[in-house]
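Reading through the structure tokens given below for one structure.
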């Protein structure tokens, strides 16, 4: 089995307010209209994330670069934020062994560690720079526009450090950016720094299968061809207009319907798999930034995605999911078979709280907890879906990520928003740029300074 | 400065639907009633998390244990889940240097690494066991009840591994559990395993200042006395019934009011500090599990806490916060001064996208982004609060955690729920135990098995 979506617990009688048998025709119709809208837009060439074949040359270039630099690096440090980091983090968790960066070189078969600097906190960059040996490190600087201030600030710090150690920038930097535009492209041309293209029609949160995700992954030995092959299979399986046969359409339509018709606009993504743990924050960006905006009628719309992890969050968020307001759907994400399962030893036979565990496996326990939680939610009238992937390998991961990207595109049409823009983040960017003295933003009204917060500050101090 | 709470952007005219000047008297009255309810319950002795002095003996015992075992361990592995792991993870992120586990022994000044196994995925436990040397490892098994199936399953795997290597369990295990009851207590007594008490009146999500958090922290060299001193100062500052002078009451009351009167029931916790990054998931458990339940009128109530990280999530969730439905509050959490700030070098003067960054510091950039985001949200009419802590050291971290625990207790009274129970997770537990063959749960109705999901399964397969 490759991928399965079980939506029983989104339907009646499994849960109240679920889809009824006679709702399906109108949902199928609504989906067909959304699909037609996506198809019309697709003809304008904006969905570059699907054009995996067009990026084959860039993947070959990455393979050549990895082969050519083989053995040169102990550490790969990604400088990137948001869509330029969440994909690499998800790939690391899924496709490199546990605690990768805590392993010795021998435990990593000589492959490099992978650090992702996705924030500008000075503590973190100082910490990471203190534990990597610069002569054995490559910094992958990722900014589609070439103008991301957080990433450029980090680049300046790193570039200065390299230069102070007398190291050749072209040997210790690689850029991932727009093929033509932006500051990184210009610097790469000037200094002979290796540079890889983010196609102009691939947006940040849809870019994991472009060099944004595949360059760091390939440098650590991940099979990016398998990743993209799995993605292509899923893409081809999710292009149709028939709701009953399009797993991305079914996911999107049922989430949208739960929101629209049952007030369930909080969409929990809950992997029961440590390998897939960081799919949840990656999905949060995809779903939140693509759908949370002003719709065609000028209304503020969009679901709130929530990241969770099973079984861990049974001891954290599940109380709320069970007994709080009935405003959520939960998507369980499970792996069909665990490659290296561990049997629980038959020990402590005298202790009732332990004896019954012996002979089960940890993988079985995790799976039983997943089904028990789904079942408990359904009994409490709370809807859920079960996504199953056959394995947590590169092929399946590519397929899973494509599944969710396709679902997001279709959900954009259902919510009647443009899933590809993010106008709501511009104001904050402008205010920060103004405050930092960027010449293009001099006219911007000033951001309040600490201590000047307008008007009538109400502050309380302790200590 | 120690701690500040700025609530300007929860009020009018900063944001519409904010608190108006003439709302304050009734809010103060509502808070006074909630405070009285908490005080009445407190007299029954249930708020053990505040009784820091009563736990001094246990802290001394921890100090003695750490001194006695000094130099014996390279790795501390916590086996715990939910309230038994989130606190230790937050302490690790805040109080140990960045990338602690990726550091060599010398880079750690000989102090041990800290691994937290908070899930039962076999991949993770196998991975961690493959990189620690058992003769140099201590496993801290944490379960208040002594009956947490995930933790007990991990314990059985570890115990068997120790025994197969011929290692003495009493040298490589420590338990944290109820002072009298449960399987772990019995095993400790039988085998002479060091054991530390979770006071019966300290619940899991309120237990970070008990040995649940302090034992793993102290083993890695964190100053737990400073942690608890800061917490005690904050406790004493948040005991009063006057809303204008109780920072925990103010936080709780404004969140509750935003939910109750403005429909803003999604409460985002957004640290702008990598050190405080894992305060967010710790707070999510605290707020979700304490408040998401059935209230005194039988209604399903409770806010949905959402973890976020600034500046990172400006490139992920902030689009939704700005332009999605107006159903959220955002709490910014910032550190007043960064101890080791990094200046951004003045390089690339010819590139407009970079030149203006030179001369600023990374800490300044982070702080400017925090204020710019708060300002942009306010301009979009979205409410927020700004919590500031003076530093990210142990004293302040204890204070911050106490602040949020006190706020949670008070919020329980405002929402009219019992913040100390979690009845909603029992059904899932019972179903899992039944499926695993626990003798006490034989009568439970069976959880559905994969492939038997009732009724009318609706499944879609790809591949």
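Chains as they are written, first to last, in my numbering: chain A, 10 to 472; chain B, 10 to 472.
For glycine and all other residues, C-beta sits at the position ideal for the given N, C-alpha and C.
Let me know the secondary structure DSSP gives residue 70 of chain A once reduced to three states.
helix
Can at least three beta-carbon pairs, one atom from the stretch 338-346 of chain B and one from the stretch 394-406 of chain B, be found at a separation below 8 Å?
yes
Counting only C-beta atoms, is residue 261 of chain A closer than 8 Å to chain B at any point?
no
Hey, how far is the Cα of residue 211 of chain B from the Cα of residue 43 of chain B?
21 Å
Just tell me which of A/142, A/154, A/245, A/412 has its CA closest to the CA of residue 363 of chain B.
A/154
For a quick check, are the C-beta atoms of residue 287 of chain A and residue 151 of chain A less than 8 Å apart?
no
Do we get a CB-CB distance below 8 Å when we pair residue 462 of chain A with the residues of chain B?
In this predicted model, residue 462 of chain A has a pLDDT of only 39, less than 50, meaning its place in the structure is not dependable; the value taken from the coordinates is given anyway. It does; some Cβ of chain B falls within 8 Å.
Note down, in chain order, all residues in the stretch 40-51 of chain B with a beta-carbon under 8 Å from any beta-carbon belonging to chain A.
none
Could you list which residues in chain A have their beta carbon closer than 7 Å to that of residue 234 of chain B, in chain order?
Near residue 234 of chain B there are no residues of chain A at all, since even the closest Cβ is about 17 Å away, more than 7 Å.
For residue 229 of chain A versus residue 59 of chain A, is the C-beta distance shorter than 8 Å?
no
Three-state secondary structure (DSSP) at residue 35 of chain A?
helix
In the DSSP assignment, find the unbroken alpha helix (DSSP H) run with residue 417 of chain B in it and report its ends.
403-424
Nearest residue (CA-CA) to residue 263 of chain B, options B/308, B/312, B/283:
B/312
Cβ of residue 332 of chain B less than 8 Å from any chain A Cβ?
yes
Check whether the Cβ atoms of residue 19 of chain B and residue 257 of chain B sit closer than 8 Å, and answer yes or no.
no
In chain A, which residues lie with their C-beta within 7 Å of the C-beta of residue 106 of chain B?
136
Do residue 71 of chain B and residue 360 of chain A have their beta-carbon atoms positioned less than 8 Å apart in this structure?
no
Are the beta-carbon atoms of residue 380 of chain A and residue 15 of chain B separated by less than 8 Å?
no
For residue 126 of chain B, which option in A/199, A/108, A/139 has the closest C-alpha, if you only look at C-alpha atoms?
A/108
Best match in A/325, A/179, A/117, A/387 for proximity to residue 316 of chain A [C-alpha to C-alpha]
A/325
Indicate whether the contact test is met: 3 or more Cβ pairs, each with one atom in the stretch 73-85 of chain B and one in the stretch 78-85 of chain A, closer than 8 Å.
no
Cβ neighbour criterion (16 or more within 10 Å) applied to residue 244 of chain B
buried
Chain-order list of residues whose beta-carbon lies under 8 Å from that of residue 179 of chain A (same chain, five-residue window excluded)
200, 201, 202, 203
Counting only Cβ pairs nearer than 9 Å, list the residues of chain A close to residue 194 of chain B.
What residue 194 of chain B touches in chain A: nothing, since even the nearest Cβ is about 11 Å away.
Identify the contact partners of residue 350 of chain B in chain A, using a Cβ-Cβ distance below 8 Å as the criterion.
131
Could you tell me which residues DSSP pairs with residue 278 of chain A in its beta bridges?
A/316, A/340
Roughly how many whole angstroms lie between the Cα atoms of residue 482 of chain A and residue 339 of chain A?
Coverage of chain A is limited to positions 10 through 472, which leaves residue 482 of chain A absent and any answer about it impossible.
If residue 261 of chain A and residue 419 of chain A are in contact, beta carbons under 8 Å, what's the gap, nearest whole angstrom?
4 Å
Run through the DSSP bridge pairs and tell me what residue 394 of chain B is partnered with.
B/340
Straight-line CA distance for residue 215 of chain B to residue 291 of chain B?
10 Å
Residue-level contact to chain B via CB, residue 466 of chain A, 8 Å cutoff:
Residue placement at residue 466 of chain A is poorly supported in this model, since its pLDDT is 48, which falls under 50; the coordinates are not used for a value here.
Between residue 391 of chain A and residue 436 of chain B, is the Cβ-Cβ spacing less than 8 Å?
no
When burial is assigned at 16 or more other CB atoms within 10 Å of the CB, is residue 112 of chain B buried or exposed?
buried
7 Å Cβ cut-off: residues of chain A touching residue 55 of chain B:
Neighbours of residue 55 of chain B on chain A: none; closest Cβ ~18 Å, over 7 Å.
Against chain B, does residue 17 of chain A count as a neighbour if the rule is that its beta carbon must be under 8 Å from one of theirs?
yes
Once you ignore the five residues that flank residue 429 of chain B on each side, which residues in its own chain have a CB closer than 7 Å to its CB?
55, 212
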